[in-house]
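Engineer: Supplied in structure tokens, the structure appears directly below.
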Amino acid sequence: MGKFIYLDNAATTKTDPKVVEAMLPYFTENYGNPSSVYSFAAANKEVESEQREIIAKSLGAKTNEIYFTAGGSESDNWALKATVEAYADKGNHIITTKIEHHAILHTAQYLESKGIQVTYLDVDENGLVDPEAVRAAIRPETILISVMFANNEIGTIEPIKEIGAIAKENGILFHTDAVQAYMHVPIDVEELHIDMLSASAHKFNGPKGIGFLYIRKGVKIRSFIHGGAQERKRRAGTENVPGIVGMGTAAKLAYATLDERAKYESELRDYLIDRVLKEIPYTRLNGDRVKRLPNNANFSFRFIEGESLLIMLDMKGICTSSGSACTSGSLDPSHVLLAIGLPHEIAHGSLRVSLSEETTKEDIDYLVDELKKIVARIREMSPLYEDFLKKEKVK
Amino acid sequence: MGKFIYLDNAATTKTDPKVVEAMLPYFTENYGNPSSVYSFAAANKEVESEQREIIAKSLGAKTNEIYFTAGGSESDNWALKATVEAYADKGNHIITTKIEHHAILHTAQYLESKGIQVTYLDVDENGLVDPEAVRAAIRPETILISVMFANNEIGTIEPIKEIGAIAKENGILFHTDAVQAYMHVPIDVEELHIDMLSASAHKFNGPKGIGFLYIRKGVKIRSFIHGGAQERKRRAGTENVPGIVGMGTAAKLAYATLDERAKYESELRDYLIDRVLKEIPYTRLNGDRVKRLPNNANFSFRFIEGESLLIMLDMKGICTSSGSACTSGSLDPSHVLLAIGLPHEIAHGSLRVSLSEETTKEDIDYLVDELKKIVARIREMSPLYEDFLKKEKVK
Amino acid sequence: MAYSEKVMDHFEHPRNVGEIENPSGVGTVGNAKCGDIMRIYLDIDDNQVIQDVKFKTFGCGAAVATSSMATELVKGKTVEEALGVTNKAVMEALDGLPPVKVHCSLLAEEAIHAALWDYAEKHNLKIEGLEKPKSDIHEDEEEEEEEY
Amino acid sequence: MAYSEKVMDHFEHPRNVGEIENPSGVGTVGNAKCGDIMRIYLDIDDNQVIQDVKFKTFGCGAAVATSSMATELVKGKTVEEALGVTNKAVMEALDGLPPVKVHCSLLAEEAIHAALWDYAEKHNLKIEGLEKPKSDIHEDEEEEEEEY
Ligand SMILES: Cc1ncc(COP(=O)(O)O)c(C=O)c1O
Ligand SMILES: Cc1ncc(COP(=O)(O)O)c(C=O)c1O
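Heads up: the protein sequence lines correspond to chains L, G, B and R, in order. Counting from 1, position 123 in the first sequence corresponds to residue 930 in the working numbering; the numbering is continuous, with no gaps. Counting from 1, position 245 in the second sequence corresponds to residue 1052 in the working numbering; the numbering is continuous, with no gaps. Counting from 1, position 13 in the third sequence corresponds to residue 87 in the working numbering; the numbering is continuous, with no gaps. Counting from 1, position 87 in the fourth sequence corresponds to residue 161 in the working numbering; the numbering is continuous, with no gaps.
In structure tokens:
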């Protein structure tokens, strides 16, 4: 095998070997069901509590405000659907944005089919939500504002604090999908007035299939998955102890390195952005230049379709994505890129590069060098580029 | 540490070390998101398919009828809630039983709060549902029958084939919660006319936090967790690849040994039942003597409360349970034991012993010997036993 | 269950299990439906000092431990002093109880009161501050999750 | 994406990429909105034999591979034979396509037809069996999951 450079950390991350090590005893040794009476298993309840505490601390939350789920999608579904149900007497309107992940967007559309009113806020050309637009969208019957912390495709970080303050002022619950942001930027639920927050372990070097929903004490939502009395009766199902330990361990490790990681990755990211914009013509950066996840860069190369680009990069041992992983295979261009105003043919030609702390400057140099060649090669093959050149000549 | 005898395999099982070994590469090496384009990650799509095939084969189902979930509770919630939604024009009545797991029971109660009509069928003193009672409960507006394959507390195996036939005859969907039965008794969804089936990996030496819902092709239910296009657009969320591989591997191993395991365990179970009933007075076996899970025994000891019994057994290194794990900590006696007609004070004194293929005759002998002493000791302390003896004397 | 060591000790080695023949007072509280029944026997001398105390309990680990501790706490005390032994005192002496088990300590307090009431009735006494005990304290219980 | 080796080969080494100056016929189909555009250039001699063919494609891996394969299949054929090159033939020659990518093979067939139509119009010919091509075949698409 030749080169292997993984630059798709926004899709998923490598589980840290230390995390796996921490999980291992809970498969074959301490495998007991935490709800059991005997000490062998009941000890796992304690272990769970410790993980909950690690996570709570990282958010400025209380231990009993953290509820384990099977991942970001479940957390998002829970937050939206259960809020709508619990606050039905208060109103039937929710506010979200056009650039949410499908876990929010499709859930909101589902709720619309059940008679809920949904406002999907526009964003500006950098993907930013205007807090004043949030305020303007509030109605007497608004029960929930859900705005993602940072966008998974273009990396833009939203003005969460401002939106949180508006929500609080108006007595409306505020949920944020922080799946991309948690453990990549600092988050304090008190300071930001966040009432609910979704996260997923596999986005910060934890295992897949485990996540959590932070629910502020006093928020009256009930279960999304009904059954046993786990998670203070709010989320049924035998606890995924190895997964929980994996997520807790990953959170502990990631929290300790948050600042230095962010610094390292954002410098590398800026180096990447600068080189690409300078060296490859007809290219734009998507997302805000400054209010941006430390590990995210997203480009559009005109006259180029994304999948070809990805496959050619793959042939050079480079893993990247176009749009979000979940929608690849679909024929539609990214709803996020359309929302920031890109025309269809440009939206089709986007590339997301998401770094990790293991990414090196050499990796980035290799990427950019290959990218230049590949973009040139695909453009050679593109009828759109042909037409463009012909028009240029005429001028 | 002294003795350690795990006899609570109905609560959860040890993850097979071979299963863990199979999972390991998917944490730190093949960690790619299966929805990604590049070959490194896309290969995981294949791997997933293989697991799906193993499971489909074990049920006589087709590969694309297996949908991965986060466990039995999610599968149960999905089956009930999505059916009610998808078949709303057909009707608003579902039929289930009084002895279902809370994942079904609480979901059904939730649906009642949304205006769905639910019939909870009685069972006989052995916990058996009468197929004719199912037939009698059918109304023109009945859209779903959900009867568990085998009960998690008392181990009774329900007449699934007869119920399946009745459902089919009447054109009504049939779901079965097979969380306790799958990989413990043979199941063929064609032969038994099952339209949907829930299972959970940690009940057959797979990992926690992963399960599946079998959905017969043609059943029109949609997503319960909305979002990305995973699982043929029916269940969103980045696939839990290690979990899926763990479940597939566990299913493969368990399927290969199903018959011999069932034979071994049921012989041991019968030995246990015979000894206990013979050697401990004022004791009854709960659940059907013959139509019973190979690894389940459930007893009621009069004048005794279950938790004390469990703790004393725990002190002897024996892990067992009383009622189901999920409800321990609650003060209510098991709804299953009440449904088979036990009075409250007897329902409080039940003990579930669930074996595995690792359980030995020596383990059982040790258990019974300790049990005799402990039961005697607790009865000595019991005011109910005191009253009973006084009454006996008067006679 | 996360019982304290003290609870486990009193569960494993319960003090004062048994009956007293011809007790000065006996009280039984709780009911089988809820899963715990406690019976306390008191032997009280002419100076209203509790000379001996025994119990029988049908119930969980906490029920046994609180019965045991309650008997220890009232033994050798006067009736008046025994009345002051609250469920809080029992809990503290046991280094605490899990929230779902707090009702056991209430039951233990109530069992003592019931035995004292029986003593008072039998001896035609009026004990200051002693009310007719409820036989079942479960109605007082609260859900753990108060906010929803 | 699970492309066959053949698809990958044609994607990595596409045959007949380029333009033909003064082509006998040229056809462009698809649209940028849907993410694929194919343009086929034909050089057809007086005996209606396709002497040369070139393509340019904006699109995914399958779009490039089907364009490449389609040009290979029509090269050296007569116009009539070329008309018989269906999307099925292209798919088979590529050892199949993932279900979501079948439309690419339809697009390739359509691009050939469009170029032939252009050739026919320019030369005032009527080609038996050739209909005016749709520029966009996406309307024919089906959801993968037919049953719900
Ligand atoms: C019959 C039955 N159904 C459903 C479940 C729920 O499965 P899980 O805890 O894996 O969500 C269980 C076990 O807990 C069970 O025994
Ligand atoms: C912003 C955002 N929300 C939600 C999700 C869903 O998380 P998961 O796939 O872990 O369910 C993702 C990632 O896939 C995401 O990036």
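A virtual CB, placed ideally from N, CA and C, is assigned to each residue, including glycine.
1. Could you compute how far the alpha carbon of G:Val1048 sits from the alpha carbon of G:Ala943?
2. Is there a C-beta anywhere in chain G that falls below 8 Å from the one on L:Val1052?
3. Quick check: is the beta carbon of R:Ile124 nearer than 8 Å to any beta carbon in chain L?
4. How far does the alpha helix (DSSP H) with G:Asn884 in it reach, from first residue to last?
5. CB-CB under 7 Å to L:Ala985, same chain, minus the five flanking residues each way: which ones, in chain order?
6. Quick one: Cα of B:Asn90 to Cα of B:Pro172, how far?
7. Do G:Asn816 and ligand 1 come close, with the Cβ less than 7 Å from some heavy atom?
8. Can you tell me whether L:Ser846 is helix, strand or coil according to DSSP?
9. Hey, would you say the C-beta of L:Asn959 is under 7 Å away from at least one heavy atom of ligand 2?
10. Between the Cα of G:Gly1113 and the Cα atoms of B:Ser78, B:Phe132 and B:Asp83, which residue gives the shortest distance?
11. Are there three or more Cβ pairs, one per stretch, closer than 8 Å when the region 1013-1031 of chain L is compared with the region 908-922 of chain L?
12. Taking its Cβ as the centre, do 16 or more other Cβ atoms sit within 10 Å of L:Ala895, making it buried, or is it exposed?
13. Can you give me the C-alpha to C-alpha distance between L:Ala940 and L:Thr949, rounded to a whole angstrom?
14. Interface residues of chain R around L:His1151 at Cβ under 7 Å?
15. Can you pull out the residues from the region 84-95 of chain R whose beta carbon lies closer than 9 Å to at least one beta carbon of chain C?
16. Just how far apart, CA to CA, sit L:Ala877 and G:Glu836?
17. Quick one: give me the first and last residue of the alpha helix (DSSP H) that L:Phe1195 is part of.
18. Taking only beta-carbon atoms, is G:Ser1115 less than 8 Å away from chain B?
19. Against chain G, which members of the region 1019-1049 of chain L pass a CB distance test of less than 9 Å?
20. For L:Arg1096 and R:Lys128, what's the separation of their Cα atoms in angstroms?
21. For the region 111-135 of chain R, which segments carrying the beta strand (DSSP E) assignment without a break, of at least 3 residues, lie completely within its bounds, in sequence order?
22. If you draw a straight line from the alpha carbon of L:Thr819 to that of L:Gly1055, how long is it in whole angstroms?
23. Could you tell me whether any Cβ in chain G is nearer than 8 Å to the Cβ of L:Glu881?
24. For the structure I just gave you, are there three or more beta carbon pairs, one from the region 1082-1102 of chain G and one from the region 1156-1169 of chain G, closer than 8 Å?
25. Among R:Lys80, R:Val164, R:Ile114 and R:Leu180, whose alpha-carbon lies nearest the alpha-carbon of R:Tyr193?
26. Among the residues of its own chain, which have a CB less than 6 Å from the CB of G:Ala1061, if the five just before and after it don't count?
27. Can you confirm whether G:Ile1087, when its beta carbon is compared against all beta carbons of chain B, has any partner nearer than 8 Å?
28. Considering only the alpha carbon of each residue, which of G:Glu853, G:Thr926, G:Arg1082 and G:Ile1080 lies closest to G:Ile902?
29. In whole angstroms, what separates the C-alpha of G:Lys968 from that of G:Thr1127?
30. Got a sec: is the Cβ-Cβ distance from B:Thr145 to anything in chain G below 8 Å?
31. Quick check: the Cα distance between G:Lys810 and G:His1009, rounded to an integer number of angstroms?
32. On the CB-based measure, 16 or more other CB atoms within 10 Å of its CB, does R:Glu215 come out buried or exposed?
33. Is the region 99-109 of chain B touching the region 181-199 of chain B in the sense that three or more CB pairs, one from each, lie closer than 8 Å?
34. Going straight from the alpha carbon of B:Lys151 to that of B:Val176, what length do you get?
35. Do L:Pro1101 and L:Arg1082 have their C-beta atoms within less than 8 Å of each other?
36. Start and end of the beta strand (DSSP E) containing B:Met82?
Structural biologist: With the given structure in hand:
1. One Cα belongs to G:Val1048, the other to G:Ala943, and the distance between them is close to 44 Å.
2. False, the Cβ-Cβ gap to chain G never drops below 8 Å.
3. no
4. Gly879 to Ala893
5. Phe956, Ile994, Leu1004, Ser1005 and Ala1006
6. 24 Å
7. no
8. Shown here, L:Ser846 sits in a helix according to DSSP, grouped into three states.
9. yes
10. B:Phe132
11. The region 1013-1031 of chain L vs the region 908-922 of chain L: no contact.
12. exposed
13. 14 Å
14. Near L:His1151 (Cβ distances below 7 Å), the residues of chain R are Ala106 and Lys107.
15. The chain labelled as chain C is not found among the protein chains of the depicted structure, namely L, G, B and R.
16. 22 Å
17. Pro1190 to Val1201
18. yes
19. Arg1029, Ser1030, Phe1031, Ile1032, His1033, Gly1034, Gly1035, Ala1036, Gln1037, Arg1042, Ala1043, Gly1044, Thr1045, Glu1046, Asn1047, Val1048 and Pro1049
20. 41 Å
21. 124-132
22. Going from the Cα of L:Thr819 to the Cα of L:Gly1055 covers about 17 Å.
23. By this cut-off, L:Glu881 is an interface position.
24. Output reads yes: the region 1156-1169 of chain G touches the region 1082-1102 of chain G.
25. R:Ile114
26. The beta carbon of G:Ala1061 lies closer than 6 Å to those of Met990 and Phe1011 in the same chain, with the five residues before and after it left out.
27. no
28. Comparing Cα positions, the closest option is G:Thr926.
29. 31 Å
30. no
31. 24 Å
32. Since pLDDT at R:Glu215 reaches only 40, below the 50 mark, its modelled position is unreliable, and the value read off the structure follows with that caveat. So R:Glu215 ends up on the exposed side.
33. yes
34. About 24 Å.
35. No; because the gap between Cβ atoms is not below 8 Å, this pair is not in contact.
36. For B:Met82, there is no enclosing beta strand (DSSP E); the residue is part of the alpha helix (DSSP H) that begins and ends at Glu79 to Glu86.
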